[in-house]
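Chains as they are written, first to last, in my numbering: chain A, 1 to 103; chain B, 1001 to 1103. So the structure is just underneath, and the comments pick up after that.
2 protein chains.
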Amino acid sequence: MRECCDMRGFLSFIVLRLISKKNMSGEDIRKEMKKRKGAKPSPGTIYPVLKALSESGFIQEVKDSGKEKKYKLTKKGQKELKAATRKFCEIFYDMKEEFGRFC
Amino acid sequence: MRECCDMRGFLSFIVLRLISKKNMSGEDIRKEMKKRKGAKPSPGTIYPVLKALSESGFIQEVKDSGKEKKYKLTKKGQKELKAATRKFCEIFYDMKEEFGRFC
DNA sequence: CTACAAATATCGTATATCCGATATTAATAT
DNA sequence: ATATTAATATCGGATATACGATATTTGTAG
């Protein structure tokens, strides 16, 4: 249901955010996470997420040269991301100060 | 290990943040979540988190009149919150714009 | 065409959220 | 003292992260 406080969609949220900025493959995402966090998520983490997001119709494969499989956001995915962002901000509306201090 | 991208500590993160601002009981936290999200987390969600946080030494019961059991952050909890905030900002450093638009 | 390597896919396992339901505790009202 | 009620605690069950290991696909080099 994910009605109330379910924080379990955060990895999907992050992936959606990344893909929304630039078409990305699983490897692209893993590299970006490494840049941000210092460690790559394991393949067993990222590919199932991509699959689920794809099956939900939020992302879509893009034809591309090379062996990578790039994804782009669908219309549905854009709506989902917007809704998720709103929720995120409702929970963390008071993070602004910390963003100033830590980021 | 929660080394890389484990987003599964977010509820604890939120609870730690709330308690850091004001000593709070489980009910206080549920009410605050309702204010932010429109729905209360179920008791089965919040009390186990409080218990785990307490057993980890991050929060501590405070004597209080009334039937509520208020918690405060411990020194260890303060350190944990600071570290968690830093991690949070590393992942979401590019949320500033959205914070402007949505919050 | 074949070998290689990179990217992707899948599997088994573990833990952290989550919920609803039920039980317990404890302050208060009668 | 007992009943009421709010707060807390616990339980069973579900799903979303996570990992490491293994398998499969696919582009490229030879």
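Ideal Cβ positions, reconstructed from N, Cα and C, are used throughout, including at glycine.
### Message
I believe Lys70(A) touches Val62(A) by the beta-carbon criterion, under 8 Å. Please report the beta-carbon distance rounded to the nearest angstrom.
### Response
5 Å
### Task
Check whether the Cβ atoms of Phe88(A) and Met1095(B) sit closer than 9 Å, and answer yes or no.
yes
### Contacts that Tyr93(A) makes with chain B (C-beta to C-beta distance below 7 Å)
Cys1103
#### Entry: Strand pairing of Met1024(B), partner residues [DSSP]
Tyr1071(B)
### Bounding residues of the alpha helix (DSSP H) (the contiguous stretch that carries Ala52(A))
Pro43 to Glu55
### Query
Going along the chain, which residues of the segment 12–39 of chain A sit with their C-beta nearer than 7 Å to a C-beta in chain B?
Ile14, Met33, Arg36, Lys37 and Ala39
### Message
Less than 9 Å between CB atoms is the rule here; does Thr85(A) satisfy it with respect to chain B?
### Response
yes
### Query
Can you tell me the Cα-Cα spacing of Gly66(A) and Met33(A), whole angstroms?
21 Å
### Task
Label Pro41(A) either buried or exposed according to how many other C-beta atoms from any shown protein chain fall within 10 Å of its C-beta, with 16 as the threshold for buried.
buried
### Query
Which chain B residues sit within Cβ distance under 7 Å of Glu98(A)?
By Cβ distance, chain B contributes Thr1085 and Cys1089.
### Query
Are the beta-carbon atoms belonging to Ser25(A) and Glu55(A) less than 9 Å from one another?
no
### Query
Gln60(A) bridges to which residues according to DSSP?
Lys72(A)
### Task
Ignore the nearest five residues each way along the sequence and tell me which others in Asp64(A)'s own chain have a CB closer than 6 Å to its CB.
Lys70
### Euclidean distance between Cα positions of Ala52(A) and Ser20(A)
16 Å
### Message
Helix, strand or coil, according to DSSP, for Cys1089(B) in the structure here?
### Response
The answer is helix: DSSP assigns Cys1089(B) an H, G or I state.
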